[in-house]
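Under the UniProt record's numbering, think of the first position of the sequence shown as 1, with each following residue one higher.
Idealized CB from N, CA, C, for every residue including glycine.
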Amino acid sequence: MITRRKARRVRSGVSVAEAQQRLIETCLPLGTEYVAFVEAADRVAAEDVMAMFPMPRFERSGVDGYAVNLSVEEGITAGKTRPCLVVTEDISAGSNFPRPLDPGTAARIMTGAEVPERATSIVMLEETDEYTKGNRLYIQLKHDVIPGRHIARIGEEWERGEVLIPQGRRLGGSDIGLLVAAGHRRIRVYRKPRVGIISIGNELLHPRPDAGGKMDEAMPAGMIHNSNGAMLAALVRQYGGIPYDYGIIEDDAYKARDFIRSVALKTDLVITTGAVSVGERDVMAEVFVRDTCLLFNKVFMRPGSPTSAGLLPLTAPGDCGDKHIESGEEGEEHRPGLLLNPHSTHRLVLGLSGNPGACFVGFELFASLCIGALQGAPFTKKDALHAFLSEPVLKGSPHPRYLQGKLRGDAGMLLAEPLPHARSSMMRSVPEATCLIVLPGGGKPALKGALVEIIPLGGFR
Ligand SMILES: Nc1nc2c(c(=O)[nH]1)N[C@H]1C(S)=C(S)[C@@H](COP(=O)(O)OP(=O)(O)OC[C@H]3O[C@@H](n4cnc5c(N)ncnc54)[C@H](O)[C@@H]3O)O[C@H]1N2
Ligand code: MOO
């Protein structure tokens, strides 16, 4: 039997990339559902969307002007007098079946209107002089007329059956415009992951959102507000999940496990914050080793090194937790084989640090990927870019650091500025951060002007 103390110390450390890979392997896309286009923003397409008809569907005028029926010789006059045409029709956008245009005549036509049959070109309004004779309208052409000008041909933009929106695409406003233009009223999307959020710590006070006013009046010494729970819920929503904030639980490993299991049964992913380190009350450290199929419980990074993840069996305590305890020695790697269907039998529990800065970084590096993968959004690994460090970072670290930073341009170069309160225990800088600055491990300081990897923060598409 493993002791409680040992459970907290048995650590299975991995790199950030390995931790991301292990998480992604367990996050299979959830089921799908149809939503109306008005509900589809920020959802992920679960099917290829094909055009129901070509675009344009009819020959369309690109300008306000006159449709003309002229032979090439009549239109391109090589210095001879340009033709004068009688206007026989007035075609506005939305008119159906305009009458075919007789040779040598013109029809007034608006942008977006259907071009009449036998029209050879559209002449812009500005390129004609209009005059009336008797009660008839005529136009005098001021320039040569190039055949086919300003006529958008059927299927010029897309043909019927072409894939316009690929499966796996997170839908923005422009995708929804395309969806409707292509003839669809609804789209099949992946279900939004339900994400249970649990904050652990006896020092935490629940900020009741409905209480109104300031919250600090009756706050006992030693207590703090559960700001991580609120932050995580908002971040989950930002990344397309549905947050369920289950509030605060006390530092008791068995109660924590049972509570987490009850949350896991109602959600698709559980995120906890706090109690993952090595302290006496760090009960999540115990839960991960004893009760889950551990994926990792240490990541070689700062901040957030105690970040942990495991698959919690949904039925009675599964034997995979026990297996890890039997074989687990301090620092030894133990990883379950990939489960065939983690959704149905187990639930992924991601344990983020309680330190607010570390909790934020952990969310951006790990939780956001899980929420994306559960929605079928392609795994982008948060593409890394590079920028020049605007200030030196003197404090080295044996493990890579993920510093909150702000991106700005200077003389055409991208600079990454480390933020002053970018510490694990602090959250003041978090709202200002637009990237994470990745500083390699090895203990050396990073110099001003060094080219560093950056991970832009925010949504993914
Ligand atoms: N002896 C050691 N101590 C610590 C180690 C270590 O290796 N050995 N690691 C340190 C590192 S690194 C980190 S990070 C923290 C991680 O601690 P936990 O994730 O277990 O978090 P807690 O101990 O529960 O809390 C840390 C800190 O954050 C505050 N907190 C917790 N929950 C919330 C919340 N929901 N909202 C706002 N603030 C929260 C909590 O009050 C603490 O101040 O451990 C180091 N220690
Ligand atoms: O890993 Mo901790 O988040 O550095 O302070």
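The C-beta distance from residue 299 to residue 292 rounds to 16 angstroms, too long to meet the 8 angstroms contact threshold. Three or more pairs of CB atoms, one per stretch, sit closer than 8 angstroms, so the region 38-52 contacts the region 163-170. The Cβ atoms of residue 16 and residue 301 sit closer than 8 angstroms to each other.
Note on geometry: alpha-carbon atoms of residue 267 and residue 309 lie some 16 angstroms from one another. Looking at the backbone, the Cα of residue 178 and that of residue 312 are separated by about 41 angstroms. For residue 54 and residue 91, the gap between their C-alpha atoms comes out near 22 angstroms.
Distance from the CA of residue 416 to the CA of residue 305, rounded to the nearest whole angstrom, comes to 23 angstroms. Using a Cβ distance threshold of 8 angstroms, residue 205 and residue 273 do not count as a contacting pair.
Rounded to the nearest angstrom, the Cβ distance from residue 190 to residue 412 is 40 angstroms, too far for a contact under 8 angstroms. Shown here, residue 113 sits in coil according to DSSP, grouped into three states, outside any helix or strand. 8 angstroms or more divides the Cβ of residue 63 from the Cβ of residue 146. Under the DSSP assignment, residue 84 falls outside any alpha helix (DSSP H), being part of the beta strand (DSSP E) whose first and last residues are 84-91. Between residue 392 and residue 448 the beta-carbon gap is near 5 angstroms, inside 8 angstroms, which marks them as a contact. In this structure, residue 441 places its C-beta atom within 8 angstroms of the C-beta atom of residue 400. Distance from the Cα of residue 40 is smallest, within the candidate group 187, 161 and 207, for 187. DSSP places residue 146 in no alpha helix (DSSP H); its state is neither H nor E. Taking 7 angstroms as the cut-off, the C-beta of residue 297 does not count as close to any heavy atom of ligand 1. For the 8 angstroms CB-CB criterion, residue 226 and residue 356 do not form a contact. In the three-state reduction of the DSSP assignment, residue 444 falls in the coil class, being assigned neither a helical nor a strand state. Residue 353 has its CB nearer than 7 angstroms to a heavy atom of ligand 1. Going by C-alpha positions, residue 405 is about 8 angstroms away from residue 422. Approximately 6 angstroms separates the beta-carbon atoms of residue 37 and residue 180; this is inside 8 angstroms, confirming the contact.
Residue 437 is bridged by DSSP to 403 and 454. Boundaries of the beta strand (DSSP E) around residue 130: 128-133.
A straight-line Cα-Cα distance of about 32 angstroms links residue 427 and residue 265. At least one heavy atom of ligand 1 lies less than 7 angstroms from the C-beta of residue 304. When only Cα atoms are considered, residue 222 and residue 202 end up about 10 angstroms apart. The C-alpha of residue 33 is placed about 41 angstroms away from the C-alpha of residue 110. Note on geometry: alpha-carbon atoms of residue 346 and residue 173 lie some 36 angstroms from one another. DSSP, read as helix, strand or coil, puts residue 106 in strand. Closest in C-alpha terms to residue 113, from the list 153, 196, 133 and 132, comes 153. Of the candidates 95, 85 and 125, the residue whose Cα lies closest to the Cα of residue 106 is 85. According to DSSP, residue pairing for residue 225 in a beta bridge involves 205.
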